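Using the numbering used here, read the sequence shown as starting at 2 and increasing by one per residue. Backbone N, C-alpha and C define an ideal beta-carbon position, used for all residues, glycine too. Predicted model only: the values in this text are computed from it and were never measured. Worksheet for the structure shown next.
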Amino acid sequence: MSLQPSHPVVRPALIEDLVALQELARRTIDASYRSFLGNEGVDWFINSGASDDHIESHFGQGHVYCLEADGGIVGLMILDGPTVDLMMIDVRHHRQGLGKVLLSRAEEVLFTQYRVIRLETFVGNKAAIAFYEAYGWLAAGQMDSGSEMPAKIEFVKHRREEGAA
Numbered sequence: 002m003s004l005q006p007s008h009p010v011v012r013p014a015l016i017e018d019l020v021a022l023q024e025l026a027r028r029t030i031d032a033s034y035r036s037f038l039g040n041e042g043v044d045w046f047i048n049s050g051a052s053d054d055h056i057e058s059h060f061g062q063g064h065v066y067c068l069e070a071d072g073g074i075v076g077l078m079i080l081d082g083p084t085v086d087l088m089m090i091d092v093r094h095h096r097q098g099l100g101k102v103l104l105s106r107a108e109e110v111l112f113t114q115y116r117v118i119r120l121e122t123f124v125g126n127k128a129a130i131a132f133y134e135a136y137g138w139l140a141a142g143q144m145d146s147g148s149e150m151p152a153k154i155e156f157v158k159h160r161r162e163e164g165a166a
């Protein structure tokens with residue numbers, strides 16, 4: 002049995018996908034963010050509804066995407082201007098190459114409109130930092146997120162110009 006999911010497809014999210022995307026986000030935040038947000042931070046973010054609200058608020062803008070594989074939704078991303086606002090692979094599907102599929106699609110969409118694109122992640126999210134660096138994103142500096150949230154690091158990537166080596 003192969004770990005590689007069958008035919009992953011990125012598509013615009015439909016309002017019918019909202020609940021599944023919110024559940025995916027809560028499950029993944031709960032399992033993967035405690036090491037850098039702490040138990041209290043994760044519990045607050047999930048139980049306050051902030052996680053659900055963040056995803057729902059972007060539906061009206063039409064910049065929410067689903068990643069489907071093996072007959073279900075296994076990832077999500079939100080694009081906001083030149084920014085990858087949120088990118089998440091369901092914790093049950095980590096380490097299967099799906100993050101690369103989703104990140105590549107984000108770059109493809111954003112580079113049609115922007116020469117420089119950006120994203121942020123928490124300074125303590127070592128796995129995400131290593132992932133972005135492995136795919137050519139450059140750390141642009143640390144950002145103070147205020148007293149309530151841990152610091153974030155901003156990454157940027159420049160569009161390759163035609164004819165560039």
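Compare the Cα-Cα distances from Val-117 to each of Arg-35, Leu-80, His-159 and Gly-100 and report the closest residue. Closest option to Val-117, Cα to Cα, is His-159.
Based on Cα-Cα distance, which residue from Ile-74, Ile-16 and Arg-35 lies nearest to Gln-62? The candidate whose alpha carbon is nearest that of Gln-62 is Ile-16.
Can you tell me whether DSSP reads Ala-152 as helix, strand or coil? Judged by DSSP in its simplified three-state form, Ala-152 adopts coil rather than helix or strand.
Taking the straight line between their C-alpha atoms, what separation do you get for Ser-3 and Gln-97? Low confidence applies to Ser-3: its pLDDT is 45, below 50, so where it sits in the model is not reliable, and the reading given next is rough at best. Computed Cα separation, rounded: 10 Å.
Looking at the secondary structure, which residues open and close the beta strand (DSSP E) in which Gly-73 lies? DSSP places Gly-73 inside the beta strand (DSSP E), whose first and last residues are 73–81.
With 16 other CB atoms within 10 Å as the buried threshold, where does Val-11 fall? Buried, because 16 or more other Cβ atoms sit within 10 Å of the Cβ of Val-11.
So, with DSSP's three-state summary, where would you put His-142? Rather than His, the amino acid found at residue 142 in this sequence is Gly. In the three-state scheme derived from DSSP, where H, G and I count as helix and E and B as strand, Gly-142 is classed as strand.
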